[in-house]
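In our numbering, the protein residues as written are 115 to 302.
Rendered as structure tokens:
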């Protein structure tokens with residue numbers, strides 16, 4: 115199944131913890147272990163999927179608890195992971211982020227989104243060939259934002275609980291690549 119790469123994500127970062135028994139990601143302030151050969155984020159608490167995606171259509175859902183700060187989306191294999199560089203499409207990131215009083219698509223400049231669209235359950239749809247990453251508020255089946263791009267390298271799902279109290283849980287663990295046309299694709 116597709117989620118093997120996400121379940122294996124615990125070795126990607128020293129600032130986020132993945133609990134495979136509960137499919138949860140949470141921020142921890144201590145260094146977990148030293149993996150100097152693995153490219154990882156040194157300033158942002160991020161977890162990436164283990165295997166990159168280079169073709170196909172994918173959809174996954176994420177439960178977000180505690181109304182905290184978070185960032186979710188996809189990034190490229192070559193995106194900068196050292197320091198606090200901008201996480202926007204020109205840097206290889208297609209993400210949305212939420213803080214206590216703000217909600218943005220991480221464009222350049224950022225696109226403010228209505229707070230009414232902040233999800234408790236977020237749907238993420240990736241169509242590699244069409245160059246599309248879309249986000250949905252699952253509980254109301256509302257479209258939040260779509261990025262359009264020309265992908266040229268591997269993409270990895272990105273999960274970032276930014277404030278130390280936000281819990282991000284993968285809620286759809288049986289997701290498989292979509293092979294049907296857009297007309298037959300069912301998101302929910």
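From the three backbone atoms N, C-alpha and C, an ideal C-beta is built for every residue, glycine too. Given the structure is predicted, the values throughout are model-derived calculations rather than measurements.
Separation of the CB atoms of residue 252 and residue 233 is rounded to 6 Å, and the pair is thereby assigned contact status at 8 Å. Listed as beta-bridge partners of residue 173 by DSSP are 239.
Sixteen is the threshold: since fewer than 16 other Cβ atoms of the shown chains lie within 10 Å of the Cβ of residue 223, the residue is exposed. Scanning its chain for C-beta atoms nearer than 6 Å, with the 5 sequence neighbours on each side dropped, one finds around residue 248 the residues 239, 260, in chain order. Judged by pairs of C-beta atoms under 8 Å, the segment 267–281 touches the segment 160–167, as three or more such pairs exist.
Between the alpha carbons of residue 191 and residue 267 lies a gap of roughly 7 Å. Contact between residue 237 and residue 172 does not hold, since their C-beta atoms are separated by about 11 Å, which reaches or exceeds 8 Å. The C-beta distance from residue 280 to residue 206 rounds to 23 Å, too long to fall under 8 Å, and the pair is not in contact. Shown here, residue 203 sits in a helix according to DSSP, grouped into three states.
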